[in-house]
Amino acid sequence: MSDTTPAPVDETEPFDDRDAVQYDDDEREASSFALFEGDEGRLDEPQRRALVALLRHTYVSARTHADEWRAVVDGEAQLRSRLNDLFLELHVDRDREVAWKRQARSESQRRAFPTLLRDVPYTREETIVLVYLRMRLRADTRPGPDQVVVDRSEILGHVAGFLPATSTDRTRDEARVASAVERLVRARILLRTTDPDRFRIASVVEVLLPLERLLELDTWLRTATTGPGEATDGAEPGLQSDDTDDEGEPAA
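First residue of the sequence shown? That's 3 in the numbering used here, and the numbers climb one at a time after it.
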């Protein structure tokens, strides 16, 4: 008579559920980046913060946004793709450790892309100040970024040299220069110090206003007949002048 007693069942044997629930690579990647309920983003948190900084500010640098700059370097391709989705270009200068955005332009110039940036033309005074800062930075050989300091009175004196002889309203002229300075502070081209009348020149101006454009604008300023306060038609420095909420924190 054969033994028909069933073999004992080991109920402690682990259950292999690999075939029960399967995730593809995209689903697994998306779930690992989720930061809130319903989050389907494909960027991790540092990259998202870097993307927001790029959209909010004129530029991101290792000095002004250390964590965001590191995220830009590590995830440059992903961030460029996200900005391209918004018709924006990402520019990264690893030598000067600065990244910035610009509005994308159609190669054929026949297609107009929708824009997020507010492209406000620089006034004559703002252009004069910007060119002056770039020249000061170019002439100074001091090592290290953002080391060149400029006084408010120095800026005012330089702009005065470009005002027409018919300009006799000193109060109005000073107000226009003050407005120009504040706009460049918001853009973090001028960095505040503990002295409200002294500023550091951000080295980013070197990449935002390259040498060829600098010389072109300098020539234009010396020959232009535009009155003070008017927009510099056709002479914008090539920097996207999107106004931000930056306040330019005091530098050490």
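All C-beta atoms in this analysis are idealised placements derived from N, C-alpha and C, irrespective of residue type, glycine included.
Inter-residue spacing [alpha-carbon to alpha-carbon] between residue i and residue j
i    : j    : result
H67  : A55  : 8 angstroms
S63  : L53  : 13 angstroms
T129 : P48  : 35 angstroms
R190 : D220 : 22 angstroms
Y61  : P116 : 21 angstroms
E42  : D76  : 21 angstroms
L186 : F38  : 37 angstroms
H59  : T173 : 31 angstroms
A101 : A162 : 33 angstroms
R112 : A204 : 36 angstroms
E214 : R84  : 30 angstroms
P252 : V179 : Reliability fails at P252, whose pLDDT of 41 lies under 50, so the model's placement of it is uncertain and no value is given.
Whether residue i touches residue j by CB criterion (8 angstroms)
i    : j    : result
R202 : V151 : yes
D197 : R65  : no
R160 : Y124 : According to the sequence displayed, residue 160 carries His and not Arg. For H160 and Y124, no; Cβs fall outside 8 angstroms.
R51  : A73  : yes
V207 : R136 : yes
L90  : Q105 : yes
R82  : L92  : yes
Cβ of residue i within 8 angstroms of any chain B Cβ
i    : result
L193 : Of the protein chains in the structure, only one exists, and it is not chain B.
Residue i (DSSP reduced to helix, strand or coil)
i    : result
A88  : A small correction: the amino acid at residue 88 is Leu; Ala does not occupy that position in the sequence shown. L88: coil per DSSP, three-state reduction.
S205 : coil
L53  : helix
R174 : helix
R82  : helix
For residue i: DSSP bridge partner residues
i   : result
S34 : Paired residue(s): none; S34 is not in a bridge.
Taking only runs that begin and end inside the stretch 99-171, name each unbroken alpha helix (DSSP H) of 4 or more residues, in chain order. 126-141, 154-162
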